[in-house]
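These notes are about the structure you will find just below.
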Amino acid sequence: MLNGQKLLLFFALLLFLENVQAKVRILTFHFNKPNFIELQYKTFKKFSEDDFEMIVFNDANTLEREKGISEMCERYGIQCVRYQPEWHETDPLNPYLEGILKDPEVYSHVGFSRVGNIQVASQASVRHCHVIQYALDHYGYTHDGPVVIMDGDAFFIRPISICALLESKEIHGIKKLVWTECVDYLWVVFIAFDPRRLPDLEDLRFHLDLIGSNVYDSGAHSYHYLKNHPEVRAEKILGYSSTGFRHWEWASLYDWGFNKREGELIKELPWPQCVEFHMTNRVLHFGASAFTLEGHDEKEACMTRFINDILNH
């Protein structure tokens with residue numbers, strides 16, 4: 002073979018290896034509801050326009066839940082990583098937040114149980130942040146392709162390419178907006194980023210944090226990362242709750258960008274139950290799935306019918 006042909010073959014092999022390494026890694030977090038893992042996997046398979054791998058972080062607090070999550074992952078060949086319940090008690094985020102919350106001038110937008118001292122390790126959002134950081138430390142920062150962090154009750158419902166989203170931005174995700182204080186940050190329901198293109202990568206964290214004199218929910222630390230790194234291009238997109246559209250006429254729903262099946266879901270949900278539409282209707286968020294709330298069974302039935310319908314068409 003001529004030297005030129007060998008060189009072309011060498012570069013073609015490098016390009017192939019780069020494409021293999023650039024697989025999108027989706028990190029998703031589950032406390033209960035193993036059936037949501039199945040729905041996630043199926044919607045990722047149908048609507049992801051990129052080659053991807055899905056890793057489930059099993060944060061179950063009972064043996065029954067742990068088994069249900071691990072068995073569902075095994076059924077679909079999904080990597081399942083156990084986050085041990087006792088790790089929540091020793092996470093370094095706990096004393097950091099406790100120190101902040103002891104300041105009487107600080108107001109928290111997140112509810113914390115107070116028994117004697119401030120008990121942050123038992124708070125759901127804090128525990129979620131523990132698992133997210135564990136996932137980033139062990140499976141996110143060192144990945145050689147795009148990374149997605151995604152709630153266990155969030156699903157792709159339209160075609161989506163993470164690689165395309167990140168072509169002109171280093172970070173792309175949901176905007177959490179606090180209207181009253183004009184504060185916004187990346188919300189952990191869905192965030193995509195390219196770890197290969199970010200400075201001070203391990204400073205990119207998504208835990209609750211203090212902004213001004215207020216403690217904000219999961220994702221708030223991203224506010225400080227982006228403020229400290231103005232060169233990082235981040236796209237934050239505001240989502241919508243279905244309740245705001247419940248009484249709209251069909252023509253208005255279509256004009257806003259919803260399709261027929263999405264409109265049917267909006268109108269079928271039992272009032273005042275809601276789902277959220279994010280990333281220009283490409284991501285659906287069930288919301289508060291870790292809690293047993295009145296009306297959630299019917300809400301879940303409506304959402305499951307909707308997802309099965311779009312999977313079969």
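Using the working numbering, read the sequence shown as starting at 2 and increasing by one per residue. Cβ atoms here follow ideal geometry from the backbone N, Cα and C, with glycine treated the same way.
Counting only the same chain and skipping the five closest in sequence on each side, list residues whose C-beta sits under 8 Å from that of residue 232. Along the sequence shown, read from residue 1 onward, the residue named residue 232 stands at position 231. Contacts found: 200.
Tell me whether the beta-carbon of residue 194 lies closer than 8 Å to the beta-carbon of residue 172. Numbered from 1 along the sequence shown, position 193 holds the residue referred to as residue 194. Numbered from 1 along the sequence shown, position 171 holds the residue referred to as residue 172. Going by C-beta atoms, residue 194 is nearer than 8 Å to residue 172.
Would the stretch 211–219 count as touching the stretch 247–256 if we require 3 or more Cβ pairs under 8 Å? no
Per the DSSP calculation, residue 192 is bridged to which residue(s)? Sequence index remark: in the sequence shown, residue 192 carries index 191 (1-based). In DSSP, residue 192 forms a bridge with 150, 174.
Report the three-state DSSP secondary structure of residue 85 (helix, strand or coil). As a first step, residue 85 is located in the sequence shown; it is residue number 84 there, counting from the start. Coil, per DSSP.
Helix, strand or coil at residue 142 [DSSP, three-state]: Here residue 142 refers to the residue found at position 141 when the sequence shown is read from its first residue. DSSP places residue 142 in coil when its eight states are reduced to three.
Can you tell me the Cα-Cα spacing of residue 228 and residue 221, whole angstroms? Counted from its first residue, the sequence shown places residue 228 at position 227. Counted from its first residue, the sequence shown places residue 221 at position 220. Here the alpha carbon of residue 228 sits roughly 12 Å from the alpha carbon of residue 221.
In the DSSP assignment, find the unbroken alpha helix (DSSP H) run with residue 234 in it and report its ends. On the sequence shown, residue 234 is found 233 positions in, with the first residue counted as 1. From DSSP, residue 234 is part of no alpha helix (DSSP H); its letter is neither H nor E.
Alpha carbon to alpha carbon, how far is residue 305 from residue 47? Give it in angstroms, no decimals. For the purposes of this step, residue 47 is taken as the residue at position 46 of the sequence shown. For the purposes of this step, residue 305 is taken as the residue at position 304 of the sequence shown. C-alpha separation (whole angstroms): 15 Å.
To the nearest angstrom, report how far apart residue 272 and residue 244 are at their CA atoms. Residue numbering aside, residue 272 sits at position 271 when the sequence shown is read from its first letter. Residue numbering aside, residue 244 sits at position 243 when the sequence shown is read from its first letter. Answer to the nearest angstrom: the Cα atoms are 8 Å apart.
If you reduce the DSSP assignment to three classes, tell me which class residue 116 lands in. Position 115 of the sequence shown holds residue 116. Its pLDDT being 40, under 50, residue 116 is placed unreliably by the model, and nothing is read from it.
Taking only runs of the beta strand (DSSP E) that begin and end inside the stretch 224–284, which ones reach a length of at least 3 residues, in chain order? 235–239, 277–279
Whole angstroms are fine: how far does the CA of residue 101 sit from the CA of residue 118? Reading the sequence shown from its first residue, position 117 is the one you call residue 118. Reading the sequence shown from its first residue, position 100 is the one you call residue 101. Since pLDDT at residue 118 reaches only 49, below the 50 mark, its modelled position is unreliable, and the value read off the structure follows with that caveat. Whole-angstrom Cα-Cα distance: 13 Å.
Whole-angstrom distance between residue 84 and residue 115, CA atom to CA atom: Taking the first residue of the sequence shown as position 1, residue 115 is located at position 114. Taking the first residue of the sequence shown as position 1, residue 84 is located at position 83. Because residue 115 carries a pLDDT of 47, less than 50, the predicted location of this residue cannot be relied on, and no value is offered for it.
Would residue 89 and residue 128 qualify as a contact pair, given that the criterion is a beta-carbon distance under 8 Å? Translated into the one-based positions of the sequence shown, residue 89 becomes position 88. Translated into the one-based positions of the sequence shown, residue 128 becomes position 127. For the 8 Å CB-CB criterion, residue 89 and residue 128 form a contact.
How big is the Cα-Cα spacing for residue 183 and residue 277? Within the sequence shown, residue 183 is the residue found at index 182, counting from 1. Within the sequence shown, residue 277 is the residue found at index 276, counting from 1. Distance between the alpha carbons of residue 183 and residue 277: 21 Å.
Residue from 50, 45, 28, 70 with nearest C-alpha to residue 34: The sequence position of residue 34 within the sequence shown is 33, counting from 1. Comparing C-alpha distances from residue 34 to each of 50, 45, 28, 70 shows the shortest one belongs to 70.
Buried or exposed by the 16-neighbour rule on C-beta atoms within 10 Å, applied to residue 169: If you number the sequence shown from 1, residue 169 lands on position 168. Exposed.
Cα-Cα separation, residue 293 to residue 155: On the sequence shown, position 292 is the one that residue 293 refers to. On the sequence shown, position 154 is the one that residue 155 refers to. Cα to Cα, residue 293 sits roughly 17 Å from residue 155.
Which of the three DSSP states is assigned to residue 29 in this structure? In the sequence shown, the residue the question calls residue 29 occupies position 28. Strand.
My output table needs one value for residue 294: the three-state DSSP class, helix, strand or coil. Locating residue 294 in the sequence shown gives position 293, counting from the first residue. In this structure, residue 294 counts as coil in the three-state DSSP scheme.
Between which two residues does the beta strand (DSSP E) carrying residue 321 extend? Residue 321 cannot be examined here, being either before or after the span of the chain that is shown, 2 to 314.
Would you give the residue range spanned by the alpha helix (DSSP H) that residue 37 belongs to? Within the sequence shown, numbered from 1, the residue matching residue 37 stands at position 36. 35–48 is the span of the alpha helix (DSSP H), which, as asked, contains residue 37.
In the structure shown, what three-state DSSP assignment does residue 210 receive? Sequence index remark: in the sequence shown, residue 210 carries index 209 (1-based). Residue 210 falls in the strand class under three-state DSSP.
Going by beta-carbon coordinates alone, are residue 145 and residue 198 separated by less than 8 Å? Position 144 of the sequence shown holds residue 145. Position 197 of the sequence shown holds residue 198. No, the Cβ-Cβ distance between residue 145 and residue 198 is not below 8 Å.
Pick helix, strand or coil for residue 161, following the three-state DSSP scheme. Within the sequence shown, the letter at position 160 stands for residue 161. Three-state result, residue 161: strand.
Same chain, Cβ closer than 7 Å to residue 239, five either side skipped, listed in chain order: Numbered from its first residue, the sequence shown carries residue 239 at position 238. Excluding positions up to five away in sequence, the list reads 176, 178.
Could you name the residues that DSSP lists as bridge partners for residue 185? By one-based count along the sequence shown, residue 185 stands at place 184. Paired residue(s): 178.
Neighbourhood of residue 311 by C-beta distance below 7 Å, restricted to the same chain and skipping five residues each side: Along the sequence shown, one-based indexing puts residue 311 at 310. Apart from sequence neighbours up to five positions away, the residues of its chain that approach residue 311 with a beta-carbon distance below 7 Å are 158, 262, ordered along the chain.
If residue 140 and residue 56 are in contact, beta carbons under 8 Å, what's the gap, nearest whole angstrom? Here residue 140 is taken as the residue at index 139 of the sequence shown, counted from 1. Here residue 56 is taken as the residue at index 55 of the sequence shown, counted from 1. That belief holds up - the Cβ atoms of residue 140 and residue 56 are roughly 6 Å apart, short of 8 Å.
Within its chain, find whatever has a CB closer than 6 Å to the CB of residue 186; leave out the 5 residues flanking it on each side and keep chain order. Stepping through the sequence shown from its first residue, residue 186 is reached at position 185. Correct list, in chain order: 177, 220, 221, 223, 224.
Can you check which of these residues, 237, 142, 226, is closest to residue 188 by C-alpha distance? Here residue 188 corresponds to residue number 187 of the sequence shown, with the count starting at 1. Residue 237 is the option with its Cα nearest to residue 188.
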